[in-house]
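Okay, so here's the structure we're looking at.
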Amino acid sequence: MLDTTGSVIVIGAGPAGLTAAYELIRRGQRPLVIEKLAIVGGIARTESYRGFCFDMGGHRFFTKSEEVKQIWQEILADDFLLRPRLSRIYYEGRFFRYPLEPWDALRGLGLRAAALNVLSYLKWRVFPHRQETTFEQWVTNRFGRRLFETFFKAYTEKVWGVSCSELSSDWAAQRIKDLSLGTALIHMFLPPRRAIKSLIQEFHYPRRGPGMMWEAMAARVVASGGEVRTDCDVRALQREGRRICSLTISSGPSTEQVAVGQLISSMPLTELVAKIDPPPPSHVQKAAAALRYRDFLTVCLIIDQPSLFPDNWLYIHDPEVMVGRIQNYKNWSPDMVGDSNKTALGLEYFCFEGDELWNTPDCDLIERGRRELEAIGLASPHDVSDGCVVRVPKAYPVYDATYRKHLRVIRGFVDGLTNLVTIGRNGLHRYNNQDHAMLTGIHAVRNMIDGESSDLWEINADTEYHEQSSQADPRQ
181 MLDTTGSVIV IGAGPAGLTA AYELIRRGQR PLVIEKLAIV GGIARTESYR
231 GFCFDMGGHR FFTKSEEVKQ IWQEILADDF LLRPRLSRIY YEGRFFRYPL
281 EPWDALRGLG LRAAALNVLS YLKWRVFPHR QETTFEQWVT NRFGRRLFET
331 FFKAYTEKVW GVSCSELSSD WAAQRIKDLS LGTALIHMFL PPRRAIKSLI
381 QEFHYPRRGP GMMWEAMAAR VVASGGEVRT DCDVRALQRE GRRICSLTIS
431 SGPSTEQVAV GQLISSMPLT ELVAKIDPPP PSHVQKAAAA LRYRDFLTVC
481 LIIDQPSLFP DNWLYIHDPE VMVGRIQNYK NWSPDMVGDS NKTALGLEYF
531 CFEGDELWNT PDCDLIERGR RELEAIGLAS PHDVSDGCVV RVPKAYPVYD
581 ATYRKHLRVI RGFVDGLTNL VTIGRNGLHR YNNQDHAMLT GIHAVRNMID
631 GESSDLWEIN ADTEYHEQSS QADPRQ
């Protein structure tokens with residue numbers, strides 16, 4: 181058995197796990213990081229194919245945390261670029277700016293449709309849903325039924341694979357807090373005393389994709405005496421009472437037992453609970469099994485055209501095609517594309533692991549991508565010269581009607597394990613952004629080593645929309 185009882189083991193080499201390891205080496209620790217995939221970065225990794233780089237999801241580097249900004253800058257320095265942002269919604273053959281701008285949206289819909297949308301909004305302001313337990317209720321109360329059905333329903337149901345009437349309002353409250361049609365229309369004519377500045381103009385981004393950040397961070401950990409094992413799976417977590425005493429890990433055909441001193445885990449809670457031996461009580465197992473995830477796959481296409489459209493990414497609200505979002509990698513960073521005469525796109529399809537779409541052969545998915553690009557009018561299928569498919573399991577924790585209840589049960593058990601803390605998007609079953617995931621790793625180490633007592637489960641629980649920041653009105 182490998183004896184690591186004097187050090188900290190970190191499960192997962194995504195933003196949360198690697199940041200925890202980075203914080204540990206700053207304190208003179210030599211952590212062991214265990215990563216299931218062959219590359220680091222987790223959901224924020226960068227895949228490569230024939231000299232082209234593909235970002236799995238489109239990861240902007242934006243944060244309100246000065247601490248996180250400082251880490252990003254010290255890791256990549258000159259390779260950390262400031263990039264312009266443009267993203268739009270495609271709906272019924274037209275493009276609308278996103279985040280939604282009321283004048284642009286109403287003008288694009290046409291005079292009659294715009295009037296009907298405003299009337300719908302006024303109706304729902306007078307007669308709102310009395311409860312806001314679902315995504316549909318929350319959005320309808322703020323935008324009206326017609327705008328909900330135009331700009332929210334089809335895309336949201338593509339992403340989550342469930343009806344908006346089943347999706348918890350927590351999702352809307354976390355991502356689009358304080359946004360309403362009425363407020364936006366008023367602010368078109370009367371600027372607010374405290375202006376809301378949507379950060380749509382620019383963002384930071386590594387020169388060759390987000391994986392560049394996490395690869396550099398992993399290299400720092402190793403250079404300081406830590407270890408990062410990729411292509412290494414945690415098969416089981418052995419428990420003695422309220423402590424995790426060892427891990428069973430495997431790399432290829434070989435299996436190894438690793439003694440545990442302190443453990444930080446970013447693996448999905450469902451997997452964590454299922455791999456603990458002896459198993460947790462049955463009600464904890466049932467709660468973990470009830471948590472759901474949404475998965476996606478990216479059809480990466482290389483196009484024989486130097487430029488296609490100006491956006492970093494497009495949201496595809498048209499229900500006639502299955503693609504949900506399209507990334508234009510050259511517009512994230514020119515260095516993502518190996519040939520300046522070509523364009524690389526990532527067509528994102530949301531699905532459940534093991535369903536029909538997930539199991540579709542790669543060649544058929546690439547052909548679907550060709551057809552759907554043509555249907556939207558973005559590229560000719562004859563210009564698609566090559567492609568590949570990357571599948572990303574457990575990308576999004578699902579906020580359904582029962583997830584809070586199940587999470588309370590799991591947390592009650594996990595918090596009782598004296599040498600284990602869970603971090604990150606999947607370790608906390610919270611739709612965290614990269615900076616939030618990093619903060620969970622930072623505070624986990626501070627709790628463990630520095631004796632602090634931050635509640636990791638509450639990071640990003642204030643439901644503040646991550647793309648907005650307050651800017652004081654100069655008239656004040």
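Residue numbers (this note's numbering): 181 to 656. Where is the CB? At the ideal position from N, CA and C, for every residue including glycine.
Own chain, CB closer than 6 angstroms to residue i, minus 5 neighbours either side, in chain order
i	result
Gly231	Gly518
Tyr576	Arg474
Pro654	In this prediction, Pro654 has a pLDDT of 28, which is less than 50 and means its spatial position is unreliable; nothing more can be read from the coordinates.
Gly144	Outside the displayed span of the chain (181 to 656) sits residue 144, for which this structure offers no information.
Arg277	Arg268, Asp284
Asp566	Ile482
Ala200	Val190, Ile444, Gly621, Ala624, Val625
Glu215	Ala193, Thr410
Gly405	Arg210
Integer Cβ distance of residue i from residue j, believed to fall under 8 angstroms
i	j	result
Ile590	Ala468	6 angstroms
Glu638	Ala555	So it is not a contact: roughly 44 angstroms between Cβ atoms.
Cys344	Glu316	4 angstroms
Asp484	Asp563	5 angstroms
Asn599	Gln442	5 angstroms
Thr226	Pro390	6 angstroms
Residue interval of the alpha helix (DSSP H) (run including residue i)
i	result
Gly607	604-608
Gly526	No alpha helix (DSSP H) contains Gly526, which is instead part of the beta strand (DSSP E) from 523-531.
Val589	583-594
Cys543	542-556
Ala398	391-403
Asn511	509-512
Phe315	315-323
Leu488	That residue, Leu488, is in no alpha helix (DSSP H); it is neither H nor E in DSSP.
Ile251	246-256
Ser445	No alpha helix (DSSP H) contains Ser445, which is instead part of the beta strand (DSSP E) from 442-445.
Leu198	195-206
Glu675	Outside the displayed range of the chain (181 to 656) lies residue 675, so it cannot be described from this structure.
Contacts around residue i, its chain only, beta-carbon distance under 7 angstroms, and the 5 residues preceding and following it disregarded
i	result
Thr243	Lys249, Asp615
Gln311	Gln317
Ala581	Glu346, Ser348
Glu337	Ser343, Cys344
Asn640	Arg610, Asn612, His616
Gly596	Arg422
Arg472	Val578, Asp580
Pro573	Asp475, Glu533
Beta-bridge pairing of residue i - partner residues as DSSP gives them
i	result
Gln657	Lying before the first or after the last residue shown, residue 657 is absent from the chain, which here runs from 181 to 656.
Ala353	According to DSSP, Ala353 bridges with nothing at all.
Asp580	Leu347
Ile496	Tyr270
Ser431	Ser434
Val601	Ile444
Val213	Val190, Val408
Asp413	Ser430
Closer than 7 angstroms: residue i CB and nearest the ligand SAM heavy atom
i	result
His463	Although the ligand SAM was asked about, the structure shown includes no ligands whatsoever.
Beta-carbon gap between residue i and residue j smaller than 8 angstroms
i	j	result
Phe328	Val319	yes
Leu261	Tyr385	yes
Leu198	Val188	no
Phe489	Leu553	no
Arg551	Pro561	yes
Cys531	Tyr229	no
Trp538	Arg571	yes
Arg415	Ser430	yes
Tyr202	Asp498	no
Pro211	Met618	no
Asp259	Tyr509	no
Asn297	Gly341	no
Arg400	Ile456	no
Leu302	Ala294	no
Gly432	Cys480	no
Other residues of its chain near residue i: CB distance less than 8 angstroms, five sequence neighbours each side excluded
i	result
Ser677	Nothing about residue 677 can be read from this structure; the chain reaches only from 181 to 656.
Leu636	Val601, Thr602, Ile603, Leu608, Thr620, His623, Ala624, Asn627
Leu370	With a pLDDT of 46 at Leu370, under the threshold of 50, the modelled position of that residue is not reliable, and no figure is offered here.
Val339	Arg474, Gly504, Phe530, Tyr576
Residue span of the beta strand (DSSP E) that contains residue i, given as start and end
i	result
Phe234	232-235
Ser565	564-577
Tyr611	Taken as a continuous stretch (DSSP letters only), Tyr611 belongs to no beta strand (DSSP E), as it is neither H nor E.
Thr708	Nothing can be reported for residue 708, as the shown portion of the chain is limited to 181 through 656.
Phe383	382-386
Glu436	434-439
Pro264	260-264
Val298	Segment 291-306 is the alpha helix (DSSP H) holding Val298; no beta strand (DSSP E) there.
Ile223	Per DSSP, Ile223 belongs to no beta strand (DSSP E) and is neither H nor E.
Val464	Here Val464 belongs to no beta strand (DSSP E); instead the alpha helix (DSSP H) covers 462-470.
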